[in-house]
Structures are given as structure tokens and as C-alpha cells.
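Asker: Residue 260 in my numbering is what sits at position 260 of the sequence shown, and the numbering runs on without skipping anything. Each residue gets a CB set at the ideal place from its N, CA and C atoms; glycine is no exception.
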Amino acid sequence: MFDNPFASPGHWYRANLHAHTTNSDGDLPPDDCAECYRRAGYDILALTDHWCVSEVAVRPPDLLIINGAELDGGRSAQGTDYHLVGLNLRTRGKLPRRADAFAQDLVDMIREEGGDAFLAHPCWSGLMASDMLGLAGCFAVEVYNTGCDLEILRGYSTVHWDDLLTLGHNLGAVAVDDGHHHRVDHGLAWTMIRAEELTVEAVLDALRRGRYYASTGPEIRDLTVAEGRLRVTTSPVASIALVSAPTQGGRRFAPEGETITEAEFPLPPARYCRVEIVDHRGKVAWSNPVLLPG
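#1: Can you say whether residue 128 is buried or exposed, counting buried as having 16 or more other CB atoms within 10 angstroms of its CB?
#2: Between 281, 95 and 235, which lies nearest to residue 52 when the distance is taken from Cα to Cα?
#3: Within the chosen definition, does the region 138-152 reach the region 176-191 through at least 3 CB pairs nearer than 8 Å?
#4: Helix, strand or coil, according to DSSP, for residue 158 in the structure here?
#5: Quick check: what's the CA-CA separation for residue 221 versus residue 241?
#6: Would you call the region 83-90 in contact with the region 110-122, where contact means no fewer than 3 C-beta pairs closer than 8 Å?
#7: Tell me whether residue 115 sits in a helix, a strand or coil according to DSSP, three-state version.
#8: Please state whether DSSP places residue 43 in a helix, a strand or coil.
#9: Check whether the region 195-211 touches the region 223-237, counting contact only when three or more Cβ pairs, one atom from each stretch, lie closer than 8 Å.
#10: How is residue 208 classed by DSSP in three states: helix, strand or coil?
#11: What would DSSP say about residue 121, mapped onto helix, strand or coil?
#12: With distances taken Cα to Cα, identify the nearest neighbour of residue 280 among 249, 258, 273 and 112.
#13: Given residue 219, which residues of its chain have a CB within under 8 Å of its CB, disregarding the five upstream and five downstream residues?
#14: Say whether the region 192-203 touches the region 259-278, bearing in mind that this needs 3 or more beta-carbon pairs closer than 8 Å, one atom from each stretch.
#15: Answer yes or no: do residue 215 and residue 175 have a C-beta to C-beta separation smaller than 7 Å?
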């Protein structure tokens, strides 16, 4: 399911895959939101207003716009609330809100629109891994959401992600701003996508293949798996961890006052492992999972 993006052809592109405008509950019109991310050095922006597929009047140079929407309100049989993000939807403008829809209905609606779906901010939504196990058709989960973190400290969903991976539910991880207030929550998280060209088709193909990693700051520069070991190189960081099934994995720390840029780990006897790095500012990057035969 997951290609190694560091062994894949193409270029790295910085993307924010979840953003709001004045067409729902954001504070910038679509064109101004796009310009904000262009100035911040992003290559890709998905406009994902609530139940509305927004467009820009003038597409800024060097910024690929992906049309999308956030479909909130999907419920489970227990009444739990889900938010799903759909990318590259056919419809433009308002979508017909389905107040009584189950979460799977919303994923299916995104797929019927020709789009690709990922699960938004499960920690903020109060979801448990058990709530997500039956949800089919999503390619990723938001491992980090800037807005949810800044507003109520529920931006990290690493535990949800690891629970799902441990239980056999294979999902990638994206980091997003989910920006609503441009002076506060724009430009603080991103997904680095390895695509062969800067087009909607190439970017979505890379996302489906798992050719990306998530970050709030540091860089994963290379990752290889060979001869029973995982090797990773990074930008200067405080720690590099191999995260895996319960009781498995490892972590390497830089000496006090220094940084490290590489680490090597034996592959654990588990179904997956992933890399997580943290710099001295507390900023984090997450690789997609490496699926193991064990």
C-alpha cells in the first residue's frame, strides 16, 4: 500500500490539505487564502470549506489549488461525530448537506464525487480507534491539526493512528493547518508530497501511493529498509524514534546541546513501524508506516 517516497521519482512539494475561507468559517476569501499560502512557501493548497467546494478567481503562480470540502456531522451507530475531508471533488459550490448521514455515507459521497477522502482531527472529535475501524475508503488520518492544537490542545492524533495500524487498519498520516484565522493558524503544518509533477493528477496519485510525510518543522531526508534494519537521515533534530507495536521500537537522542541527523534501528517483530522525529523547538515530523511481514 505504501511506496517509499524517498525511493520514488519526482520532486518534493509542500502542501496544506485542509483550509477554510469566508465561504464557510474562515476569515479570508479564497483568493486571499491562496495568496497567504503562496507567500508562506507552499506549493499546494486544498480549499476545504464545510459542505462547499470553493474556487479562486485567479490562480496564483506556483501554487496548485485542489478543490475540496470538509463534510462534518457524519455519525456512527453510537452517535459519534466524524469530519471527513474530500479532495478533488467534481461539484462546485454548495454540497447537499446530509444531516442524518453515517460516516461511511460521507466517505462514499466523496468517492462518488470522484474524490479522495481522509479523516479529520479524530482527537478533537473525540473518536476512539474502535469508532474508526469500520470506516473504509480513507487514505489517511490527520496526525496533526494546527487549529485543534492551538484552540484546545487536541491537535495530535498519534495514539489513534498507532492503534489503527496495530489493529491492521492501514492509513497514512497528513499534517494540516485546518486554518480559520490567518494571523494565528496558517503556515504551521504541512504534508511533504513526492510527486512527478505539480498537477492535481500527479499529487493525488502520490497521496494514494503513500508518497509523502507529515511535518510541523523538521525534515525527513531519506529512509531505507534493508537487511532487517531501517536507516533514516533528517534535518538536525533532538531525537529520532522508531515507533511500532506496543513494547516495540526505539529512540535515539542527541547529546545535550547538540543535534543528530541520522539513526539506524533493527526492524521490530511487528506488522508495521514508522519514524517520528522531534527538533529542539518541539516540532515534529512523521513518516508513513513501513508495513512489515511479521
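Answerer: Quick answer:
#1: Here residue 128 refers to the residue found at position 128 when the sequence shown is read from its first residue. In summary, residue 128 is exposed, with fewer than 16 beta-carbon neighbours lying within 10 Å of its beta-carbon over all protein chains present.
#2: By 1-based counting over the sequence shown, the position of residue 52 is 52. The closest CA to that of residue 52, considering only 281, 95 and 235, is found on 95.
#3: Yes, the region 138-152 touches the region 176-191.
#4: Here residue 158 refers to the residue found at position 158 when the sequence shown is read from its first residue. In this structure, residue 158 counts as helix in the three-state DSSP scheme.
#5: By one-based count along the sequence shown, residue 221 stands at place 221. By one-based count along the sequence shown, residue 241 stands at place 241. When rounded, the distance between both Cα atoms is 15 Å.
#6: Enough Cβ pairs lie closer than 8 Å, so yes.
#7: Position 115 of the sequence shown, counted from the start, is the residue given in the question as residue 115. Coil, per DSSP.
#8: Numbered from its first residue, the sequence shown carries residue 43 at position 43. Correct three-state label for residue 43: coil.
#9: No contact exists between the region 195-211 and the region 223-237.
#10: Numbered from 1 along the sequence shown, position 208 holds the residue referred to as residue 208. DSSP places residue 208 in helix when its eight states are reduced to three.
#11: For the purposes of this step, residue 121 is taken as residue 121 along the sequence shown, with counting starting at 1. Looking at residue 121 - three-state DSSP - the assignment turns out to be coil, as it is neither helix nor strand.
#12: Here residue 280 refers to the residue found at position 280 when the sequence shown is read from its first residue. Residue 258 is the option with its Cα nearest to residue 280.
#13: Taking the sequence shown and counting its residues from 1, one reaches residue 219 at position 219. A distance below 8 Å between beta-carbons, with the five flanking residues on each side excluded, links residue 219 to the following residues of its chain, in chain order: 192, 234, 235 and 285.
#14: Short answer: they don't touch.
#15: As a working note, residue 215 is residue 215 in the sequence shown. As a working note, residue 175 is residue 175 in the sequence shown. When the beta-carbon positions are compared, residue 215 and residue 175 come within less than 7 Å of each other.
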